[in-house]
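Colleague:
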Ligand code: SIN
Ligand code: FE2
């Protein structure tokens with residue numbers, strides 16, 4: 002990773018920070034392979050461009066999305082679903098890069114979830130003001146596997162609540178290289194991302210990239 006003159010040097014990963022039963026933050030866990038991840042994101046999004054999906058209610062999402070892996074998460078007027086093909090091209094999503102699957106497997110194990118083999122990776126791009134409202138990840142075929150979420154670029158405020166939408170979410174600052182994992186009793190926890198603050202990241206400029214790994218089947 003490259004640091005700008007006034008950037009704080011991030012601390013290397015030491016241990017998981019448990020935030021709820023089955024949920025942990027692994028601060029700095031992805032730092033040592035950030036360049037590999039970012040180059041793979043560039044290759045994937047060259048083949049399957051980031052796009053703003055429309056919700057079933059007709060809103061255009063502020064976060065731009067793409068996918069890699071056997072299945073990709075999509076939304077349109079007919080609903081949310083996983084699809085083996087990119088609706089923009091009609092072609093299968095780009096395969097999941099080897100480094101992605103490996104990182105997700107290692108991160109899940111740190112949080113206590115062994116043998117995590119994701120078949121879907123959603124790529125989210127946030128520009129300043131983009132946000133993701135509180136939601137549950139519940140379009141996956143099984144709730145046995147955790148969700149592994151990798152943050153790159155500008156810092157964001159991650160909202161992590163409980164199993165009910167009305168549970169007031171806690172706020173965590175996620176920085177470049179941080180990984181969040183939630184599964185088991187937290188698998189259906191409501192979560193979201195507060196509007197991204199303006200900023201300039203040394204490698205990514207004015208954006209945050211998030212990789213979310215799931216077992217969708
Ligand atoms: C998500 O819930 O899909 C993304 C969360 C994040 O961007 O940190
Ligand atoms: Fe989510």
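In our numbering, the protein residues as written are 2 to 218.
For each residue, glycine too, the CB sits at the ideal point set by N, CA and C.
1. Is residue 138 close to the ligand FE2? I mean its beta-carbon at under 6 Å from any heavy atom of the ligand.
2. For residue 192, count neighbouring Cβ atoms within 10 angstroms of its own Cβ and tell me buried if that reaches 16, exposed if not.
3. When the Cβ atoms of the stretch 174 to 194 are set against those of the stretch 129 to 140, are three or more pairs found closer than 8 Å?
4. To the nearest angstrom, report how far apart residue 159 and residue 91 are at their CA atoms.
5. May I ask you to list the residues that DSSP assigns as paired with residue 194?
6. How about residue 211: is its Cβ closer than 6 Å to a heavy atom in the ligand SIN?
7. Return the chain-ordered list of same chain residues with a C-beta closer than 7 Å to the C-beta of residue 75, the five sequence neighbours on each side being excluded.
8. Return yes when at least one heavy atom of the ligand SIN lies under 6 Å from the C-beta of residue 125, else no.
9. Can the beta-carbon of residue 22 be found closer than 7 Å to that of residue 186?
10. Return the first residue and the last residue of the beta strand (DSSP E) that residue 55 is part of.
11. Buried or exposed: which applies to residue 49, given that a residue is buried once 16 or more other Cβ atoms fall within 10 Å of its Cβ?
12. Using the three-state DSSP reduction, which class does residue 63 fall into: helix, strand or coil?
13. Using only CA atoms, which one of 12, 64, 182 lies nearest to residue 161?
14. In three-state DSSP terms, what is residue 128?
Modeller: In short, the structure shows the following:
1. Residue numbering aside, residue 138 sits at position 137 when the chain shown is read from its first letter. Indeed, a heavy atom of the ligand FE2 lies less than 6 Å from the Cβ.
2. To locate residue 192, count along the chain shown from 1; it is residue 191. It counts as buried.
3. Verdict: yes, contact present.
4. Taking the first residue of the chain shown as position 1, residue 159 is located at position 158. Taking the first residue of the chain shown as position 1, residue 91 is located at position 90. For residue 159 and residue 91, the gap between their C-alpha atoms comes out near 33 Å.
5. Along the chain shown, read from residue 1 onward, the residue named residue 194 stands at position 193. Looking at the DSSP assignment, residue 194 forms a beta bridge with 133, 159.
6. Here residue 211 refers to the residue found at position 210 of the chain shown. For the ligand SIN, at least one heavy atom lies less than 6 Å from the Cβ of residue 211.
7. Here the question's residue 75 lines up with position 74 in the chain shown. These residues qualify, in order along the chain: 54, 82, 84, 88.
8. For the purposes of this step, residue 125 is identified with residue 124 of the chain shown, where counting begins at 1. Yes, the beta carbon of residue 125 sits closer than 6 Å to at least one heavy atom of the ligand SIN.
9. Residue numbering aside, residue 22 sits at position 21 when the chain shown is read from its first letter. Residue numbering aside, residue 186 sits at position 185 when the chain shown is read from its first letter. The answer is yes: Cβ separation under 7 Å.
10. Counting from one through the chain shown, the residue named residue 55 turns up at place 54. For residue 55, no beta strand (DSSP E) encloses it, and the DSSP letter there is neither H nor E.
11. As a position in the chain shown, residue 49 is number 48, starting the count at 1. Answer is buried; the Cβ neighbour count reaches 16.
12. Numbered from 1 along the chain shown, position 62 holds the residue referred to as residue 63. DSSP places residue 63 outside both helix and strand once states are collapsed to three, so it counts as coil.
13. Stepping through the chain shown from its first residue, residue 161 is reached at position 160. Of 12, 64, 182, the residue nearest in Cα terms is 182.
14. Counting from 1 along the chain shown, the entry for residue 128 is found at position 127. Three-state result, residue 128: coil.
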